[in-house]
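**Q** One structure, pasted below without further comment.
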Amino acid sequence: MTKKKEIKKISSKNYFMLAVIFLISGLLFWLVVEPFRKSDKQESKLTDKLEKLSYESIDAYITERQNVIVYLTDFSEKSNNFENEFESVALKNDIDEDIVYMNTTELAPGNLTKLKNKYFNDKLKSSKVELNVIPNLLVFQDGKIIDILYKVDTIYDKTSITKFLENHGVIDND
Numbered sequence: 002m003t004k005k006k007e008i009k010k011i012s013s014k015n016y017f018m019l020a021v022i023f024l025i026s027g028l029l030f031w032l033v034v035e036p037f038r039k040s041d042k043q044e045s046k047l048t049d050k051l052e053k054l055s056y057e058s059i060d061a062y063i064t065e066r067q068n069v070i071v072y073l074t075d076f077s078e079k080s081n082n083f084e085n086e087f088e089s090v091a092l093k094n095d096i097d098e099d100i101v102y103m104n105t106t107e108l109a110p111g112n113l114t115k116l117k118n119k120y121f122n123d124k125l126k127s128s129k130v131e132l133n134v135i136p137n138l139l140v141f142q143d144g145k146i147i148d149i150l151y152k153v154d155t156i157y158d159k160t161s162i163t164k165f166l167e168n169h170g171v172i173d174n175d
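Each residue of the sequence shown is one higher than the one before, starting from 2 at the first, in the numbering used here.
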């Protein structure tokens, strides 16, 4: 009494369906994982060169270092275009130690307004300058924001960045 093993023949249709399921599963996995992979990448080329400043630590930082430039960025295309110009000016003049950056996408709603209300000097408080126009450079002097490199619709260039930094004594006027 020997039992015969029955061998079932698997049709090629089943292999095809299995391949389709693997392909769809892989595609769905990639669509879910890809946005997270992009957020793991470096925020910008300046993040390796500049110190990051969080909103929570700005009070202590400004108290410790009364004179500093804060680069507000959201790492958008406009910010990246600005960085292409700004990086060469900062590195050429070796001022990366005088500048820190703050990622505005990590801020809670209303924090930019609180920053404005707390640190703007009287002249800036009476102006129509808003901090929600990104990117910009905030010049802190004696713990107050005294000026902002602020352009709503125009593109930054090396000349305007250099002139702005020269006007505030951050770089020497050559």
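C-beta atoms are modelled at their ideal positions from N, C-alpha and C, and glycine is treated no differently.
Since the structure is predicted, the reported quantities are computational estimates derived from the model, not experimental observations.
Touch check for the stretch 100-117 and the stretch 58-77: three-plus C-beta pairs under 8 Å?
**A** The stretch 100-117 vs the stretch 58-77: in contact.
**Q** Could you say which of I135, L116 and I146 lies nearest to N82 if we only look at CA atoms?
**A** Numbered from 1 along the sequence shown, position 81 holds the residue referred to as residue 82. Selected option, being the one with the closest Cα: I135.
**Q** Expressed to the nearest angstrom, what Euclidean distance is found between the alpha-carbon atoms of Y56 and N112?
**A** Taking the first residue of the sequence shown as 1, we reach residue 56 at position 55. Taking the first residue of the sequence shown as 1, we reach residue 112 at position 111. Whole-angstrom Cα-Cα distance: 8 Å.
**Q** Alpha carbon to alpha carbon, how far is I147 from E35?
**A** Here residue 147 is taken as the residue at index 146 of the sequence shown, counted from 1. Here residue 35 is taken as the residue at index 34 of the sequence shown, counted from 1. Roughly 42 Å separates the two Cα atoms.
**Q** Which stretch, first to last residue, makes up the beta strand (DSSP E) that contains N137?
**A** Against the sequence shown, residue 137 aligns to sequence position 136. N137 to Q142 is the extent of the beta strand (DSSP E) around N137.
**Q** Report the residue ranges of all beta strand (DSSP E) runs contained in full by the stretch 97-166; include only those spanning at least 3 residues, in chain order.
**A** DSSP runs (the beta strand (DSSP E)) wholly in the stretch 97-166: 100-104, 137-142 and 145-150.
**Q** So what does DSSP say about I59, is it helix, strand or coil?
**A** Numbered from its first residue, the sequence shown carries residue 59 at position 58. Correct three-state label for I59: helix.
**Q** Taking the alpha helix (DSSP H) that L177 belongs to, which residues open and close that run?
**A** Only positions 2 to 175 of the chain appear in the structure, and residue 177 is not among them; the question remains open.
**Q** The beta strand (DSSP E) spanning L51 covers which residue range?
**A** Position 50 of the sequence shown, counting from 1, holds the residue named residue 51. Here L51 belongs to no beta strand (DSSP E), and DSSP marks it neither H nor E.
**Q** Is there contact here, the stretch 82-97 with the stretch 110-128, by at least three beta-carbon pairs under 8 Å?
**A** At 8 Å Cβ cutoff, the stretches do not touch.
**Q** Helix, strand or coil for F71, going by three-state DSSP, please let me know.
**A** Residue mapping note: residue 71 aligns to position 70 of the sequence shown, counting from 1. Looking at the sequence provided, one finds Val at residue 71 rather than Phe. In the structure shown, V71 sits in a strand (DSSP, three-state: E or B).
**Q** To the nearest angstrom, how far is it from the Cα of G144 to the Cα of E78?
**A** The residue you call residue 144 lines up with position 143 of the sequence shown. The residue you call residue 78 lines up with position 77 of the sequence shown. Approximately 30 Å between the Cα atoms of the pair.
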